[in-house]
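Okay, structure first, notes after.
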Amino acid sequence: DVKVTQSSRYLVKRTGEKVFLECVQDMDHENMFWYRQDPGLGLRLIYFSYDVKMKEKGDIPEGYSVSREKKERFSLILESASTNQTSMYLCASTDGRVYGYTFGSGTRLTVV
Amino acid sequence: AQTVTQSQPEMSVQEAETVTLSCTYDTSESDYYLFWYKQPPSRQMILVIRQEAYKQQNATENRFSVNFQKAAKSFSLKISDSQLGDAAMYFCAFTSGTYKYIFGTGTRLKVLA
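Protein chains in written order, with my numbering: chain A, 37 to 148; chain B, 119 to 231.
This is the structure:
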């Protein structure tokens, strides 16, 4: 069974901390994505990557960065966490638009 | 800009009844794909059904079917014989020339016993 695994389901961090959210997929997908999900706003794209070491900004990249050193792993980094980054973060991967995304289980991040 | 609109924040349906969730989108592209995703309380987003824009036939997956109206840019999801396990957030999504998806704001479906 193919999987996208997010390392944490719940995280609580303090304002100003550097936060790492990890995502690993075992499907050999080239394309990986980070979204944040907020009530009433749906899913908004933060960053995505088409290949190793490649990254592109999504719609709301401010305050975030990413790293993709290996094909299977795509990390989202909050350089200095703020309370307005409290949200659900979803990782997804795909090998083609025909098949749709495979999502991870999500990480609910609370910044206090 | 491409947009996806789900105008129903919340819907309710009696068990065993049929419900239709609405989705409209806006694009100037002619080649694209549309999806419905389900997000149960456990949070794992699951692909329910997909539709290729070039196909006129509406997609069907068991109790789930779509009404795809390309000219009207409408893509509604019909759930027949609703079950308690259908209770979830449902998201409509669109993708065209890239692998980036645009999602709607979601519809929360409640199934009443």
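Where is the CB? At the ideal position from N, CA and C, for every residue including glycine.
Item: Work out the CA separation of GLY142 of chain A and TYR125 of chain A for me, nearest whole Å.; Value: 5 Å
Item: Alpha carbon to alpha carbon, what distance is there between TRP154 of chain B and PHE193 of chain B?; Value: 9 Å
Item: For THR130 of chain A, return the contacting residues in chain B, with the cut-off set at a CB-CB distance below 8 Å.; Value: TYR217
Item: Helix, strand or coil: which one does DSSP assign to ASN67 of chain A?; Value: strand
Item: Any Cβ of chain A within less than 9 Å of the Cβ of MET163 of chain B?; Value: yes
Item: Excluding five sequence neighbours on each side, which residues of the same chain lie with their C-beta closer than 6 Å to the C-beta of ARG144 of chain A?; Value: TYR46, MET124
Item: Examine chain B for any beta-carbon lying closer than 9 Å to the beta-carbon of SER141 of chain A, and answer yes or no.; Value: yes
Item: Do you know offhand how far GLY78 of chain A's Cα is from SER111 of chain A's?; Value: 21 Å
Item: Which class does THR130 of chain A belong to by DSSP, given the choice of helix, strand or coil?; Value: strand
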